[in-house]
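Undergrad: The numbering used here numbers the first residue of the sequence shown as 130 and each following residue consecutively. Supplied in structure tokens, the structure appears directly below.
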Amino acid sequence: MAVLKGVIITYPEWKQTDVPPVPYPPCVLAEGVEDTGVFDCCLINPYEGLRFVQAPRYLVRNVFGYPSWPFFCG
């Protein structure tokens, strides 16, 4: 079980003029784990916000941000 709660993650090197956007790994990645939670977080300018791969029983609540690519892949 892993939980990320109450953090602000920012990517200050991102520029709005970058077209297409520079791809980065997901800001939050859960792969092959169970019972993962992300609560009360703000993700500013990630390329991809959240990705859960073979991660059953995850819970995401009150997560906001401005990704360049899909915010959530689950």
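A virtual CB, placed ideally from N, CA and C, is assigned to each residue, including glycine. Just so you know, these numbers come straight off a predicted model, no measurement behind them.
#1: So, helix, strand or coil for Lys134, using DSSP?
#2: Quick one: Cα of Gln183 to Cα of Val148, how far?
#3: Please list, in chain order, all residues of the same chain as Val213 whose beta carbon is under 7 Å from its beta carbon, the five residues on each side excluded.
#4: Which residues in the same chain have their Cβ closer than 6 Å to the Cβ of Leu172, if we skip the five residues on either side of it in sequence?
#5: Residues in the same chain with beta-carbon distance under 7 Å from Leu158, minus the five sequence neighbours each way, listed in chain order, please.
TA: Judging by the given coordinates:
#1: strand
#2: 31 Å
#3: In the structure as shown, the chain begins at 130 and stops at 203. Residue 213 is therefore absent and cannot be evaluated.
#4: Ile138, Cys156, Gly178 and Gly194
#5: Arg180
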